[in-house]
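Before any comments, here is the structure.
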Amino acid sequence: MPLIPEEPQIHESAQGPRAIPASGRTAPTPRPVPGPRPAAPSRPGRPGPVRPTPPAQRAQRDAAKPGPSAPAAHAAPPAVPVTPQVQLIPASAEGALDAAEEAVDLLLDSGRAPGEVLVLTTGEQHPWAAHELSFGEASYWAQQDAGDDVFYADAAAVDRAAVRPVVVVAVNGGPDTVAATALPLAHKRAGTLLIVCGDPQQINAVLGAGV
Numbered sequence: 017m018p019l020i021p022e023e024p025q026i027h028e029s030a031q032g033p034r035a036i037p038a039s040g041r042t043a044p045t046p047r048p049v050p051g052p053r054p055a056a057p058s059r060p061g062r063p064g065p066v067r068p069t070p071p072a073q074r075a076q077r078d079a080a081k082p083g084p085s086a087p088a089a090h091a092a093p094p095a096v097p098v099t100p101q102v103q104l105i106p107a108s109a110e111g112a113l114d115a116a117e118e119a120v121d122l123l124l125d126s127g128r129a130p131g132e133v134l135v136l137t138t139g140e141q142h143p144w145a146a147h148e149l150s151f152g153e154a155s156y157w158a159q160q161d162a163g164d165d166v167f168y169a170d171a172a173a174v175d176r177a178a179v180r181p182v183v184v185v186a187v188n189g190g191p192d193t194v195a196a197t198a199l200p201l202a203h204k205r206a207g208t209l210l211i212v213c214g215d216p217q218q219i220n221a222v223l224g225a226g227v
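The sequence shown begins at 17 in this note's numbering and counts up one residue at a time.
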């Protein structure tokens, strides 16, 4: 009979180890807890900063590329100096002034502003210039500075004339020396076009053949 009470004690000891693994089963459950998961979001964050860096370098390279093109654009203006065209209208000394007036009318009709035209005479002055000079040289030359209308001047005073896009010279007489000195200066005063009305042989001798 004393053997019977010992058996239940063995069963209690068997139950003991069963409870231990039960507690062990609860321990593994926290292992897959979000502890390792936060490490995953850090991965996409790492390539993020690496990607913006190369475009920044590309932007610097692109910024360097337009650099050489800019100086090329600045280099263009120096090559801009253009010599004015020369147009010869054959006319006698007596008809040179009338030819010059017709040339001015054509210029204005084509859209040229009156203030863009300068007319020089080697012989008798244009009636407008003679009339305006009667009021004094100060008021006469002030009209040139105003640039509101066609300005008529004596070729002998061409050095005092301002540069205008178009210069018309009427070789209507006067000493040959006046035309010889006035035509080259008139060529420098013309921005885009020089029109000379007069004897072609005399004009070519001054400005050069083939004008």
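Don't be surprised by glycine CBs; every beta carbon is placed ideally from N, CA and C.
Model, not experiment: these values are computed from the prediction.
- Taken through DSSP and simplified to helix, strand or coil, GLN141 comes out as coil.
- Beta-bridge partners assigned by DSSP to PRO191: none are found.
- Beyond the five residues adjoining it in sequence on each side, ASP175 comes within less than 7 Å, by CB distance, of LEU201 in the same chain, given in chain order.
- Here VAL179 is exposed: its Cβ has fewer than 16 other Cβ atoms, across all protein chains shown, within 10 Å.
- Note on geometry: alpha-carbon atoms of ALA177 and GLY190 lie some 19 Å from one another.
- Counting only unbroken stretches of 3 or more residues, the beta strand (DSSP E) elements lying wholly within the stretch 143-189 are 167-170, 180-186, in sequence order.
- For PRO216, the enclosing alpha helix (DSSP H) has its first and last residue at 216-223.
- Under DSSP, the beta-bridge partners assigned to VAL102 are LEU210.
- By the 16-neighbour rule on beta-carbons within 10 angstroms, PHE167 is buried.
- If the five residues before and after GLN101 are omitted, its C-beta is found closer than 6 Å to the C-beta atoms of LEU209, all from its own chain and listed in chain order.
- For ALA119, the enclosing alpha helix (DSSP H) starts and ends at 112-125.
- Taking VAL183 as reference, the option from LEU136, ALA158, PRO143 with the minimal CA-CA separation is LEU136.
- For VAL187 against GLY214, the beta-carbon gap comes to about 3 Å, under 8 Å, which counts as contact.
- The Cβ-Cβ distance between ALA198 and VAL185 falls below 8 Å.
- Taking C-alpha positions only, ALA154 is separated from SER108 by approximately 33 Å.
- Nearest neighbour of GLU148 by Cα position, chosen from GLY139, PRO130, GLY163, ALA169, turns out to be ALA169.
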